[in-house]
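In UniProt numbering, the protein residues as written are 1 to 269. For each residue, glycine too, the CB sits at the ideal point set by N, CA and C. Note that the structure is predicted; figures quoted are calculated from it, not measured. This report refers to the structure that appears directly beneath it.
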């Protein structure tokens, strides 16, 4: 298991708990952006693979998530979360000036990462989007039809074909197991519209990975958003039979190998 260390960041609305998986002489810096309701501690396996590929890896429990401050899963404006990700990147670059930076986001984190690249893409080496919430996402309209969104628990079996993944998720006390907050759903809708309007990522090398059997963030809705932002250097990998958390799927080694192969291709030199 990869060794990590923790520190805190001053976020837009309180203190954030960040984690670093260090590398003495990194070839690149990997900024991980986690999904809705979870926390960066669920990415130890991903970080270990990336440090093995020569990366120093950084992540943060987002506002209202994990052990960071804020009302649980309450995000009034995802632009604030993008700003917090940039603070983490600046911290990483201060520790390793001149080292290429790759941003990797999953699900909600994929949405945040895409918006991050639109706002702060200058100087980024690559972007990886895993099962990103982009384009059209059904739960937004469905849940906003209620004044108070109902509690519709995530079925852990939709995360991965590996039952141990769902069991660990269900038992994790740092994972949010309650209902969506209405302001968060409204912020999702606003951010998806903003991303689509902002358009192409230009020349930024981008890898999109997605499970073919993703029932939480279906492929068809995401593809609409991908078509709006894809740039000149775009790679797509769709994994047959895979569910939402492709980094935790039964073919996780294949998925991470695709990520590291992509990153190795686009690294300078």
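Residue i - containing beta strand (DSSP E), residue span
{"i": "residue 245", "result": "Segment: none, residue 245 is in no beta strand (DSSP E) and carries neither H nor E."}
{"i": "residue 19", "result": "14 to 21"}
{"i": "residue 6", "result": "5 to 11"}
{"i": "residue 126", "result": "124 to 130"}
Chain D contact for residue i (CB, 8 Å cutoff)
{"i": "residue 236", "result": "The chain inventory of the structure shown lacks chain D, comprising one protein chain alone."}
Residues that residue i bridges to, as DSSP identifies them
{"i": "residue 59", "result": "19, 32"}
{"i": "residue 238", "result": "210"}
{"i": "residue 106", "result": "130"}
{"i": "residue 101", "result": "29, 124"}
Limits of the unbroken alpha helix (DSSP H) element including residue i
{"i": "residue 232", "result": "Taken as a continuous stretch (DSSP letters only), residue 232 belongs to no alpha helix (DSSP H), as it is neither H nor E."}
{"i": "residue 86", "result": "78 to 95"}
{"i": "residue 40", "result": "No alpha helix (DSSP H) contains residue 40, which DSSP labels as neither H nor E."}
{"i": "residue 166", "result": "163 to 171"}
{"i": "residue 258", "result": "252 to 266"}
{"i": "residue 45", "result": "44 to 52"}
{"i": "residue 148", "result": "No alpha helix (DSSP H) holds residue 148; DSSP gives it neither H nor E."}
{"i": "residue 183", "result": "182 to 198"}
Contacts around residue i, its chain only, beta-carbon distance under 8 Å, and the 5 residues preceding and following it disregarded
{"i": "residue 15", "result": "8, 9, 68, 69"}
{"i": "residue 6", "result": "17, 18, 19, 20"}
{"i": "residue 239", "result": "209, 210, 211, 212, 246, 249, 251, 254, 255"}
Sequence-distant residues of the same chain with beta carbon closer than 6 Å to residue i, five excluded per side
{"i": "residue 269", "result": "none"}
{"i": "residue 144", "result": "185"}
{"i": "residue 196", "result": "228"}
{"i": "residue 201", "result": "117, 229, 231"}
Candidates the options: closest to residue i by CA position
{"i": "residue 99", "options": "170, 245, 30, 199", "result": "30"}
{"i": "residue 139", "options": "108, 208, 257, 209", "result": "108"}
{"i": "residue 263", "options": "226, 250, 73, 129", "result": "129"}
{"i": "residue 132", "options": "216, 13, 199", "result": "216"}
{"i": "residue 124", "options": "12, 40, 205", "result": "205"}
{"i": "residue 154", "options": "27, 38, 13", "result": "38"}
{"i": "residue 220", "options": "53, 179, 136", "result": "136"}
{"i": "residue 199", "options": "121, 161, 188", "result": "121"}
Same chain, Cβ closer than 7 Å to residue i, neighbours up to 5 away in sequence not counted
{"i": "residue 89", "result": "31, 101"}
{"i": "residue 119", "result": "82"}
{"i": "residue 213", "result": "241, 242, 243"}
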